[in-house]
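Shown next, in structure tokens, is the structure this report addresses.
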Amino acid sequence: MNILIIGNGFDIAHGLPTKYVNFLEFVKVIKQILNTKKLNEVNWGSIHPEVKYIIEKNTGNIRNNLFSQSVMWSDLLDDNIWIDYFLQNDMHGKENWIDFESEISDVIKSLDYDIHGGENDFDLYDEIMKNLSNEYLDCHEQLRELESFKELRDRLYEDLNKLIRALELYLTEYVSQIECKIISPDISKIIMKIIEHEDGTRGATTSKIVCFNYTDTLERVYKYCRTEDIDYIHGKAVIDNTIETNNMVLGIDEFLPVDRQNIHTEFVAFKKFYQRIYKQTGCKYKEWVDKIREDYYSYLQKQTKEINRGENGIQDSLNRLPESVLRDQKCKRHNLYIFGHSLDVTDKDILRDLILNDNVYTTIFYHNKDAMGQLITNLVKIIGEEELIKRTGGRTKTIEFKQQQAMILNKAGYQ
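Each number in my numbering comes from the position in the sequence shown (counting from 1) with 256 added on.
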């Protein structure tokens, strides 16, 4: 089995404006247009030129006129606590969605500590009040009351869902309309892998995909990629969705100590695990992991029986059996490819499930040496230094880092 993991770096490599700063630039422009109703007075800032073109085209489209959507966009963007917060705060060069989620996490942590009277290491509550002009937050002292905290929490959750829906519209109505003029030869080879059968004939197998993106870029750009083989682990952007039917996961990781996790659940709806369950994103990758482990255990059982038939060194052979799987590679091997994913610790559980199998060989693609260094650093946080050393050298090697090939022109004309 071949499994490909892709993150936002995949979309970025294909020239798509999917960084969260791209989304915020889009929001700035949309708010200006709805306020002025005049394109010639808009400060376009650093918005992606293709997005600018689509906005200009949409304002003249009778069927799908941007101005006809003004009520919808106003409901999503105006007086939105999160939108205001991110537009008014300088992120100091941060541009990844991990940074975006980290900001949300810090705000939620601050509120949680204030509610429960703990030591507040973040002290962002006053920062929120200082930076936001939102009328909802005018009564500073009243929000110190527990009931007001609950109201604020509910408002924060409502506004987060509005932000997510606005992002969904940005991705489906604008980003997905941008033609991908370049493709990755690495991805093309992985998606449709040619295999040699035991009888000497050749065939092809398609890869399973664990997609951390909301976009359908992989499906619309690469031939032979089947929808049923893709696990949109964080949900998928769909234009016909509503706030209620949207299944995109954009939240925070668990931050409470174990003894508080099951007691203080006021902010559980902001957490990714909750959103995955509530929005029913599914987890096809679990089935693939089960298959990988079944192959491994079947091989171990078979080898154990053969060892037990022998007379000498049985215990020693049994002890060395897992290592022999790595060394001799006689067990059926599965391949894991990681492209455009930062290996951030927030996805630790999923990555460990796939990487830490002795019958899985992992290839991690990197853009340049600096990126490789950061990937190594992040991988240490996920599997540990000792495990990383063991798996990147010698006979027990199951992980390699590989520089991705330069993108090439999309001659096939895929969208």
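The beta-carbon is built from N, C-alpha and C at its ideal position, and this holds for glycine as well.
Member of F282, G596, Y541 and N634 whose CA lies at the smallest distance from the CA of L427: As a working note, residue 427 is residue 171 in the sequence shown. Checking every option, the nearest Cα to that of L427 belongs to F282.
Evaluate the contact criterion for the segment 590-605 versus the segment 531-538: three or more CB pairs, one atom per stretch, below 8 Å. no
In terms of alpha-carbon separation, which member of L474, F526, W353 and N417 lies closest to D442? By one-based count along the sequence shown, residue 442 stands at place 186. Ranking the options by Cα distance to D442, first place goes to L474.
On the DSSP letters alone, give me the boundaries of the alpha helix (DSSP H) that H372 sits inside. Indexing the sequence shown from 1 puts residue 372 at position 116. Start and end: W353 to H372.
Simplified DSSP state of F529, which is helix, strand or coil: For the purposes of this step, residue 529 is taken as the residue at position 273 of the sequence shown. F529: helix per DSSP, three-state reduction.
Pick from D487, N666 and F526: whose alpha carbon is nearest that of L506? Taking the sequence shown and counting its residues from 1, the one referred to as residue 506 is at position 250. Of D487, N666 and F526, the residue nearest in Cα terms is F526.
Taking only three categories from DSSP, how would you classify K604? What you label residue 604 is simply residue 348 of the sequence shown in a count that begins at 1. K604 falls in the helix class under three-state DSSP.
Beta carbon of I262, beta carbon of F523: below 7 Å? Within the sequence shown, residue 262 is the residue found at index 6, counting from 1. Within the sequence shown, residue 523 is the residue found at index 267, counting from 1. No, the pair does not count as a contact, with Cβ atoms beyond the cut-off.
With C-beta atoms as the reference, is L599 less than 7 Å away from V616? Walking along the sequence shown from the start, residue 599 turns up at place 343. Walking along the sequence shown from the start, residue 616 turns up at place 360. Contact flag unset, no.
Express the C-alpha separation of L280 and E297 in angstroms, rounding to a whole number. Position 41 of the sequence shown, counted from the start, is the residue given in the question as residue 297. Position 24 of the sequence shown, counted from the start, is the residue given in the question as residue 280. So the alpha carbons of these two residues sit roughly 19 Å apart.
Under 7 Å Cβ to Cβ from L332, same chain only, skipping five residues before and after it: list those, please. Sequence index remark: in the sequence shown, residue 332 carries index 76 (1-based). K418, R421 and A422.
With DSSP as the reference, label Q344 as helix, strand or coil. Translated into positions along the sequence shown, residue 344 becomes position 88. Residue state, collapsed to three classes: helix.
Could you tell me if V327 is buried or exposed, where buried requires 16 or more neighbouring beta carbons within 10 angstroms of its beta carbon? Position 71 of the sequence shown, counted from the start, is the residue given in the question as residue 327. By the neighbour-count rule (16 or more Cβ atoms within 10 Å), V327 is not buried but exposed.
Counting Cβ pairs, one atom from each stretch, are 3 or more of them under 8 Å apart for the segment 616-628 and the segment 653-669? yes
At 3 residues or longer, what runs of the beta strand (DSSP E) sit wholly inside the segment 286-330? none
Tell me where the alpha helix (DSSP H) around F266 begins and ends. Taking the sequence shown and counting its residues from 1, the one referred to as residue 266 is at position 10. In the DSSP assignment, F266 falls within the unbroken alpha helix (DSSP H) covering N264 to A269.
Which same chain residues end up closer than 7 Å to H372 when comparing Cβ atoms and leaving out the 5 residues on each side of it in sequence? In the sequence shown, residue 372 corresponds to position 116, counting from 1. Once the five neighbours on either side are set aside, the close Cβ partners of H372 are H520.
Report the partner residues of M448 according to the DSSP bridge assignment. The sequence position of residue 448 within the sequence shown is 192, counting from 1. Paired residues: T462.
Excluding the five sequence neighbours on either side, which residues of its own chain have a C-beta within less than 8 Å of the C-beta of P354, listed in chain order? Mapped onto the sequence shown, residue 354 falls at position 98. It should be pointed out that residue 354 corresponds to Ile in this sequence rather than to Pro. Taken in chain order, the residues that qualify are S598, D600 and T602.
Give the range of the alpha helix (DSSP H) segment to which I632 is assigned. Here residue 632 refers to the residue found at position 376 of the sequence shown. Counting along the chain, the alpha helix (DSSP H) containing I632 begins and ends at K625 to I639.
Apply the 10 Å Cβ neighbour rule to G640 and answer buried if 16 or more other Cβ atoms are within range, or exposed otherwise. By one-based count along the sequence shown, residue 640 stands at place 384. Flag for G640 reads exposed.
Please classify Y470: does DSSP put it in a helix, a strand, or coil? Looking up residue 470 in the sequence shown gives position 214. Y470: coil per DSSP, three-state reduction.
If I'm right that C467 touches D487 with Cβ under 8 Å, what's the distance once you round it to whole angstroms? Your numbering for residue 467 matches position 211 in the sequence shown. Your numbering for residue 487 matches position 231 in the sequence shown. Indeed they touch by this definition, with Cβ atoms about 7 Å apart.
Mind reading off the beta-carbon distance from L343 to K284? Whole number of angstroms is fine, and I expect it under 8 Å. The residue you call residue 343 lines up with position 87 of the sequence shown. The residue you call residue 284 lines up with position 28 of the sequence shown. L343 to K284, Cβ: 7 Å. Contact.
List the whole-angstrom C-beta distance separating D509 from K479, where the pair is believed to meet the contact cut-off of C-beta under 8 Å. For this step, residue 509 is matched to residue 253 along the sequence shown. For this step, residue 479 is matched to residue 223 along the sequence shown. The pair is not a contact, with the Cβ atoms about 36 Å apart (cut-off 8 Å).
My output table needs one value for Q660: the three-state DSSP class, helix, strand or coil. As a first step, residue 660 is located in the sequence shown; it is residue number 404 there, counting from the start. In this structure, Q660 counts as coil in the three-state DSSP scheme.
Can you tell which of I310, D334 and K308 has its C-alpha closest to the C-alpha of L290? On the sequence shown, position 34 is the one that residue 290 refers to. Answer by Cα proximity: D334.
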